[in-house]
Amino acid sequence: MVSILKDIPIDGIKIVPCRVAINNKGVVKSFLLDAADRLILVDTGASDADADIIMDAVKDMGREHADLKLCVITHRHGDHTGGLKKLKKTLKFQVMAHELDMPAIHKSCGYEVEHVVKGGERLPDCGGIDVLHTPGHTAGHISLHLPRIKTLIAGDAIVSAGEHLVVSPTYLCSDPDAASESVKRLIAMNLNLDRILVGHGDDVYEGANNNLGRIFAGPRE
Ligand SMILES: [Zn+2]
């Protein structure tokens with residue numbers, strides 16, 4: 002486990018901690034994927050201020066705001082969609098979200114979701130980005146798998162608690178059973194993962210398969 006605040010660069014992904022000004026509490030992350038001919042933003046933080054942090058991060062990557070062409074929203078919660086309104090007002094890009102979370106996202110930001118997905122889609126960027134439907138935290142939660150760089154962006158389907166990954170806690174889920182089933186499905190997919198990047202908490206930078214496999218392990222002997 003490595004603290005997000007060390008901001009270790011990963012091939013083609015910039016981690017953008019939002020809301021870091023609030024005593025380092027309440028941090029939610031966005032991710033910028035460098036797809037050569039375009040940038041893809043995953044989640045938008047919670048506020049206009051987070052939109053500014055994300056726009057600064059684009060510049061930090063040596064890219065132009067015009068390079069940002071697509072924003073993937075992992076799910077409808079306000080700490081992931083709150084920056085969308087300002088970003089949409091300021092920049093020109095399209096939004097992708099799951100059909101079940103799309104109405105709430107549309108309602109909160111007032112902008113259309115141009116790309117409505119169900120899971121199972123593949124974006125051509127970064128050697129392929131697979132859209133996985135991982136419901137439970139919300140009905141339309143999606144995660145992104147980037148096989149070429151062995152990375153899963155799990156949004157809030159998985160959170161990290163100290164050195165351990167856990168399923169999104171029951172009190173944060175619209176359907177806790179579905180949340181567990183989603184993570185079991187991820188494990189059963191046997192993805193070849195080095196890294197798991199999560200919306201909240203520390204990311205896993207190496208050996209992520211082991212961390213994922215331990216989520217449902219029984220108590221220690
Ligand atoms: Zn959430």
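Residue numbering for the sequence shown follows the numbering used here, starting at 2 and increasing by one per position.
Yeah, the Cβ is synthetic: ideal placement off N, Cα and C, and Gly gets one too.
Computed from a prediction, not measured in an experiment: that's the story for all the values here.
query, result
"Rounded to a whole number of angstroms, what is the C-alpha to C-alpha distance between alanine 22 and arginine 196?", "Low local confidence applies: a pLDDT of 49 at alanine 22 is under 50, so the model's placement there is unreliable, with the coordinate-based value given in what follows. Taking the straight line from one Cα to the other gives about 26 Å."
"If we count the other Cβ atoms within 10 Å of its Cβ and call it buried at 16 or more, is alanine 218 buried or exposed?", "exposed"
"Does the Cβ of histidine 66 lie closer than 7 Å to at least one heavy atom of ligand 1?", "no"
"With distances taken from CA atoms, which of Arg186, Ile14 and Gly200 is nearest isoleucine 216?", "Arg186"
"Inspect the beta-carbon positions of leucine 147 and valine 132 and report whether they are closer than 8 Å.", "no"
"Quick test of the definition: if touching needs 3 or more C-beta pairs under 8 Å, does the region 100-119 touch the region 159-173?", "no"
"Confirm the yes/no value for this check: CB of histidine 138, any heavy atom of ligand 1, distance under 7 Å.", "yes"
"Taking C-beta to C-beta, are glycine 214 and isoleucine 188 nearer than 8 Å?", "yes"
"With distances taken from each beta carbon to the nearest heavy atom of ligand 1, which residues come in below 5 Å, in chain order?", "His78 and Asp157"
"When DSSP labels each residue in this structure, what does leucine 85 get in the three-state scheme?", "helix"
"Go to alanine 98, then tell me how far its alpha helix (DSSP H) extends in each direction, as first and last residue.", "Taken as a continuous stretch (DSSP letters only), alanine 98 belongs to no alpha helix (DSSP H), being part of the beta strand (DSSP E) at 95-99."
"On a CA-only basis, which of Lys15, Gly128, Val29 and Asp44 is nearest leucine 60? Give me that one, please.", "Note that residue 60 is lysine in the sequence shown here, rather than leucine. Nearest option by C-alpha distance: Lys15."
"Looking at the strands, I want to know which residues DSSP matches up with valine 117.", "Ala98"
"Would you check if the distance between the CB atom of valine 43 and the CB atom of leucine 34 is smaller than 8 Å?", "yes"
"Over the uninterrupted beta strand (DSSP E) stretch that includes aspartate 255, give me the two end residues.", "Nothing can be reported for residue 255: it is not among the residues displayed for the chain, which extend from 2 to 222."
"Relative to the alpha-carbon of valine 205, which residue among Gly128, Ala140, Pro125 and His165 has its alpha-carbon at the smallest distance?", "His165"
"Rounding to the nearest angstrom, what Cα-Cα distance links arginine 64 and glutamate 113 in this structure?", "25 Å"
"Report the partner residues of isoleucine 14 according to the DSSP bridge assignment.", "Ile11 and Leu34"
"Give every residue of the same chain whose Cβ lies closer than 8 Å to the Cβ of arginine 39, excluding the five residues on either side of it in the sequence, and list them in chain order.", "Asp68, Leu69, Lys70, Leu71 and Asp126"
"Going by CA-CA distance only, name the one from Gly79, Ile54 and His201 that's closest to cysteine 110.", "Gly79"
"Name the residue from Gly141, Lys93, Leu198 and Cys174 whose alpha carbon lies nearest to the alpha carbon of isoleucine 150.", "Leu198"
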